[in-house]
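Contents: one structure, followed by commentary.
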Amino acid sequence: METATEPKKQPHMPGPDNQKPNQADGEAISPWKEAYWQLRKNKLAIVGIIIITFFILIAIFAPLLTNYTYHSISAADRLQGPSAAHWLGTDDLGRDIFTRIVYGARISLMVGFFAVSGALIFGSILGIIAGYYGRWVDMIISRIFDIMLAFPSILLAIAIVAILGPSLQNALIAIAIVNIPIFGRLVRSKVISIRQEEYIMAAKAQGMKNGRILVHHVLPNSVAPIIVQATLSFGTAILEAAALGFLGLGAQAPTPEWGKMLSDSRQFIQSAPWTVLFPGLSIMLVVLGFNMIGDGLRDALDPKMKS
Amino acid sequence: MTKPVLEINNLQTHFFTDRGEIPAVDDVSFSINAGEVLGIVGESGCGKSVTSLSVMGLVPNPPGKIVGGEILFRRQEGRDKAEDLVKVSRKRLRAIRGDQIAMIFQEPMTSLDPLFTIGHQIIEAVRNHRKVTKKQARAKAVEMLKLVGIPRAEEIVDEYPHQLSGGMRQRVMIAIAMSCDPEVLIADEPTTALDVTIQAQILELMKDLNRKKGTAIMMITHDLGVVAEICDRVVVMYAGKIVEEGDVRTILKSPKHPYTQGLIRSLPKMSNRDSRLYSIPGNVPKPGSIKQGCRFAARCPEVFDRCTQENPELLNLGEGHGCRCFLYEKEGKIVNV
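Shown next as structure tokens:
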């Protein structure tokens, strides 16, 4: 294994995988370009990207992929195993599982997207305020984060859903709230560390306004870890949505949410294992995909700006 | 006699920490004339960096604060109209910073934002103070890069900091600092992080800019070699106070204060290669730890009783040569009462 990978470490292998131009070309190499090259070299990240692209495509083209609707019940087709008619079998109400998984991809990806976006936006704003203003503002915001992080996230999400009432939308809100401190703390620590960078001092010495420094120098330099965290959180958010769905606190019937499908089918785990296997597999693959991309991005972005 | 471009009177910058109030800069006065290169010399922690940050209004607050004194800045035109940088509004200070008083830092490797091109950063600096179009600012950026001796300026302008060496980056920092034609350039150990050969080039460049543009330079350094190379006058600081000041020849040829003498003796010499390198015994005292007497007393080879009991005043030894030591009390008169 060791010897097999050895030749690939040669820095300037010709070929399509390594098109990094020489410094001598005088071409500007932005840190983002550098990260892109790094990411392209990472096989696991590529696998992750393929998995997620696959799920995004089936989510977009869901109606074209199946002749069934996700909610049509058919007593005659109850709990059928995978066949030509029903590729992944049917559930206890005779609904086509493939159809439900394909439509479920829409829900999971959407939950992931909106929950992460919400957490990202609010978490970043709070993190910037805490990191930038410091002192008592930081004290208050950080302590609130600490309190939120003291709860197991799923427990906190359950509590929030219990207050708001069970629905997919409320589950999404709960997941977003639960993830706010994760982004908040990350952004705060990044803002604090970047504020002490010498180029921030240099920008101040040039007479730049604080606000301008924050937007033009502090934020862009904090973006890399935020992107990594967002990607990883995508997976967690989907997992949390599935967990809430499983507990009956998320999507309600007949919404084809993967976690909900799991819980509806759990009594058939022995008689009709496909009813549990495929939704479970979908959750696993999507989360795995996002984690692989996230890890790849971290490797590409974190040792960043190295020359 | 024209009035100095920058005049610092009785500056006191203190740090308020859990261990109490620490006077990092304690009653420091000096001035820089237009077109002059002033060296501020001292060991780490003697207050020379804090002095420069005080001038820029960049002392981290909290814990630091200017508690007394004034920093008078006079523009080239209307030299007698002085502005006290301690008292001006933050907005006014921002307008002066980077435009009329610019600063370069010790670490060229981290002083540029890694995410933006060199050109972008110079353009940003120019447009921060001047109402010019992006195109004009870009032309200015290329012009500045050429001025500081960067080859292939048209290409470098679109490159990123990590593509440049330390010496090149320091040149870029100087280009940024000089982009608005400042009256004063504060250089905080600009060559410390560089190779010796590059150091000489950067010093040469600064001396050149000083001559061409008439920019006064306040050179903060611990390196007497740098002082000898570039400075016209020198201020020697020790534990937050000025212990000796004068023109560079006087200070280097016939230093009066035992501390300055020690500093010069501890320079390695080619002539006596066999003997051990001299070092001043002891360590720099913590700022604020000495309440009474001369701050150098504990390390001074010429110490006598009075040194530990009374604070020496800065004595005028003639021709702008000042020294804070009891040894010269008969020769000089007190200048800084």
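For the record, the sequence lines run as chains F and P. For what it's worth, our numbering labels the leading residue of the first sequence as 1, then goes sequentially. For what it's worth, our numbering labels the leading residue of the second sequence as 1001, then goes sequentially. The beta carbon of each residue, even a glycine, is placed where N, CA and C say it ideally should be.
Delimiting residues of the beta strand (DSSP E) encompassing P:Ala1102: If you number the second sequence from 1, residue 1102 of chain P lands on position 102. First-last of the beta strand (DSSP E) with P:Ala1102: Ile1101 to Ile1104.
What first and last residue would you give for the beta strand (DSSP E) that runs through P:Thr1013? Reading the second sequence from its first residue, position 13 is the one you call residue 1013 of chain P. Here the beta strand (DSSP E) through P:Thr1013 covers Leu1006 to Thr1017.
Between F:Leu30 and chain P, is the shortest Cβ-Cβ distance under 9 Å, so that the two count as touching? Along the first sequence, one-based indexing puts residue 30 of chain F at 30. Looking at the sequence itself, residue 30 of chain F is Ser, so the reference to Leu does not match. F:Ser30 counts as touching chain P.
Rounded to a whole number of angstroms, what is the C-alpha to C-alpha distance between F:Phe234 and P:Thr1215? On the first sequence, position 234 is the one that residue 234 of chain F refers to. On the second sequence, position 215 is the one that residue 1215 of chain P refers to. For F:Phe234 and P:Thr1215, the distance between alpha carbons rounds to 55 Å.
Best match in P:Tyr1328, P:His1120 and P:Gly1069 for proximity to F:Ala203 [C-alpha to C-alpha]: Counted from its first residue, the first sequence places residue 203 of chain F at position 203. Out of P:Tyr1328, P:His1120 and P:Gly1069, P:His1120 has the C-alpha closest to the C-alpha of F:Ala203.
Whose C-beta lies closer than 8 Å to the C-beta of P:Ile1202 among residues of the same chain, with five residues either side of it excluded? Residue mapping note: residue 1202 of chain P aligns to position 202 of the second sequence, counting from 1. So the qualifying residues of the chain are Gly1167, Gln1170, Arg1171, Ile1174, Pro1190, Thr1191 and Leu1194.
Compute the Euclidean distance between the alpha carbons of P:Leu1164 and F:Leu120, then round it to the nearest angstrom. If you number the second sequence from 1, residue 1164 of chain P lands on position 164. If you number the first sequence from 1, residue 120 of chain F lands on position 120. Across the structure, P:Leu1164 and F:Leu120 are spaced so that their CA atoms are roughly 35 Å apart.
Could you check whether the region 1023 to 1031 of chain P touches the region 271 to 289 of chain F, counting it as contact only if at least three pairs of C-beta atoms, one from each stretch, sit closer than 8 Å? Flag = no, the region 1023 to 1031 of chain P and the region 271 to 289 of chain F do not touch.
Anyone know if the C-beta pair for P:Glu1107 and P:His1222 falls short of 9 Å? For the purposes of this step, residue 1107 of chain P is taken as the residue at position 107 of the second sequence. For the purposes of this step, residue 1222 of chain P is taken as the residue at position 222 of the second sequence. The answer is no: Cβ separation not under 9 Å.
Rounding to the nearest angstrom, what Cα-Cα distance links F:Gln252 and F:Asn170 in this structure? Within the first sequence, the letter at position 252 stands for residue 252 of chain F. Within the first sequence, the letter at position 170 stands for residue 170 of chain F. Approximately 11 Å between the Cα atoms of the pair.
Which residues in chain F have a C-beta closer than 8 Å to the C-beta of P:Tyr1160? List them in chain order. Against the second sequence, residue 1160 of chain P aligns to sequence position 160. Per Cβ cutoff of 8 Å: Ala28, Ile29, Ser30 and Pro31.
P:Ile1150, DSSP secondary structure in three states: Start at 1 with the first residue of the second sequence, and residue 1150 of chain P comes out as number 150. Correct three-state label for P:Ile1150: coil.
If you measure from the beta carbon of P:Met1173 to each beta carbon in chain F, is any gap under 9 Å? What you label residue 1173 of chain P is simply residue 173 of the second sequence in a count that begins at 1. By this cut-off, P:Met1173 is an interface position.
Any chain B beta carbon closer than 9 Å to F:Gly118: Looking at the structure shown, chain B is missing, and the protein chains on hand are F and P.
So F:Pro181 and F:Gly131 are in contact, right, with Cβ under 8 Å, and what is the actual spacing, rounded? Against the first sequence, residue 181 of chain F aligns to sequence position 181. Against the first sequence, residue 131 of chain F aligns to sequence position 131. Not confirmed; about 14 Å, so no contact.
Output the distance between the C-alpha atoms of F:Glu198 and P:Leu1112, rounded to the nearest integer angstrom. Counting from 1 along the first sequence, the entry for residue 198 of chain F is found at position 198. Counting from 1 along the second sequence, the entry for residue 1112 of chain P is found at position 112. In a straight line, the C-alpha of F:Glu198 is about 8 Å away from that of P:Leu1112.
Give me the Cβ distance between F:Asp92 and F:Phe268, rounded to the nearest whole Å; I'm assuming they're in contact under 8 Å. Counted from its first residue, the first sequence places residue 92 of chain F at position 92. Counted from its first residue, the first sequence places residue 268 of chain F at position 268. That belief holds up - the Cβ atoms of F:Asp92 and F:Phe268 are roughly 6 Å apart, short of 8 Å.
Kindly indicate the opening and closing residues of the alpha helix (DSSP H) around P:Ala1216. Locating residue 1216 of chain P in the second sequence gives position 216, where the first residue counts as 1. Taken as a continuous stretch (DSSP letters only), P:Ala1216 belongs to no alpha helix (DSSP H), being part of the beta strand (DSSP E) at Ala1216 to Thr1221.
Exposed or buried, which one is F:Thr275 when buried takes at least 16 other CB atoms within 10 Å? Within the first sequence, the letter at position 275 stands for residue 275 of chain F. Under this definition F:Thr275 is a buried residue.
Let me know the beta strand (DSSP E) ranges lying completely inside the region 1173 to 1240 of chain P, each 3 residues or longer, listed in chain order. 1184 to 1188, 1216 to 1221 and 1233 to 1238
Pull up the distance between the alpha-carbon of P:Arg1211 and that of P:Gly1035, whole angstroms please. Residue 1211 of chain P sits at position 211 when you count from the first residue of the second sequence. Residue 1035 of chain P sits at position 35 when you count from the first residue of the second sequence. Going by the C-alpha atoms only, they are around 7 Å apart.
Whole-angstrom distance between P:Thr1013 and P:Thr1051, CA atom to CA atom: Reading the second sequence from its first residue, position 51 is the one you call residue 1051 of chain P. Reading the second sequence from its first residue, position 13 is the one you call residue 1013 of chain P. Rounded to the nearest whole angstrom, the C-alpha separation of P:Thr1051 and P:Thr1013 is 8 Å.
Let me know if F:Ser307 comes out buried or exposed under the rule of 16 or more other beta-carbons within 10 Å of its beta-carbon. Counting from 1 along the first sequence, the entry for residue 307 of chain F is found at position 307. The pLDDT assigned to F:Ser307 is 35, lower than 50, so where the model puts this residue is not dependable; a value taken from the coordinates is nonetheless given after this. Its Cβ having fewer than 16 others within 10 Å, F:Ser307 is exposed.
Determine the DSSP secondary structure at F:Lys41, reduced to helix, strand or coil. Walking along the first sequence from the start, residue 41 of chain F turns up at place 41. In the structure shown, F:Lys41 sits in a helix (DSSP, three-state: H, G or I).
When the Cβ atoms of the region 214 to 224 of chain F are set against those of the region 254 to 269 of chain F, are three or more pairs found closer than 8 Å? no
Going by the CB atoms, is the gap between P:Cys1307 and P:Gly1039 shorter than 9 Å? By 1-based counting over the second sequence, the position of residue 1039 of chain P is 39. By 1-based counting over the second sequence, the position of residue 1307 of chain P is 307. Cβ atoms of P:Gly1039 and P:Cys1307: not closer than 9 Å.
With DSSP as the reference, label P:Glu1143 as helix, strand or coil. In the second sequence, residue 1143 of chain P corresponds to position 143, counting from 1. Helix at P:Glu1143.
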